Amino acid sequence: MTEFKEMAIDGRKLCMKILKSDDSGLSEEDKSNLDKAGGLILQAQRLLVGIAQKTLQNDPESLRQFNSELEQLINQK
4 MTEFKEMAID GRKLCMKILK SDDSGLSEED KSNLDKAGGL ILQAQRLLVG
54 IAQKTLQNDP ESLRQFNSEL EQLINQK
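Just so we're aligned, residue 4 is where the sequence shown starts under our numbering, counting upward by one.
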């Protein structure tokens, strides 16, 4: 449960980064909803990375390219 809560908080930060805003003007309910959405986003990301790593484990260059593209998507402003 603690891991999910940490992921949820990180997910909220990711959502805020996507929205280019902070959460100071949000209600507690909105923050909670962003926590849930962000947590799900990060869980999906971990799942996709896991699948890609298993699929690409015999192709290190493709795996590096996948990880690089994923990092770029996450850090887009």
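We treat Cβ as the ideally placed atom computed from N, Cα and C, and that holds for glycine.
Since the model is a prediction, treat every value here as computed from it, not as a measurement.
Sub-9 Å separation of residue i and residue j beta-carbons
i: I77; j: L17; result: yes
i: L43; j: D13; result: no
i: Q48; j: L73; result: yes
i: D33; j: D26; result: yes
Residue burial classification, residue i (beta-carbon count within 10 angstroms, cutoff 16)
i: M4; result: Reliability fails at M4, whose pLDDT of 48 lies under 50, so the model's placement of it is uncertain and no value is given.
i: D38; result: buried
i: G28; result: exposed
Residue i - containing alpha helix (DSSP H), residue span
i: G2; result: Residue 2 cannot be examined here, being either before or after the span of the chain that is shown, 4 to 80.
i: S71; result: 63-78
The ligand MG heavy atom lying under 8 Å from the CB of residue i
i: L51; result: This structure lacks the ligand MG; in fact it carries no ligand of any kind.
Close Cβ partners of residue i (< 8 Å) along its chain, the five nearest in sequence each way excluded
i: L59; result: S65, L66, F69
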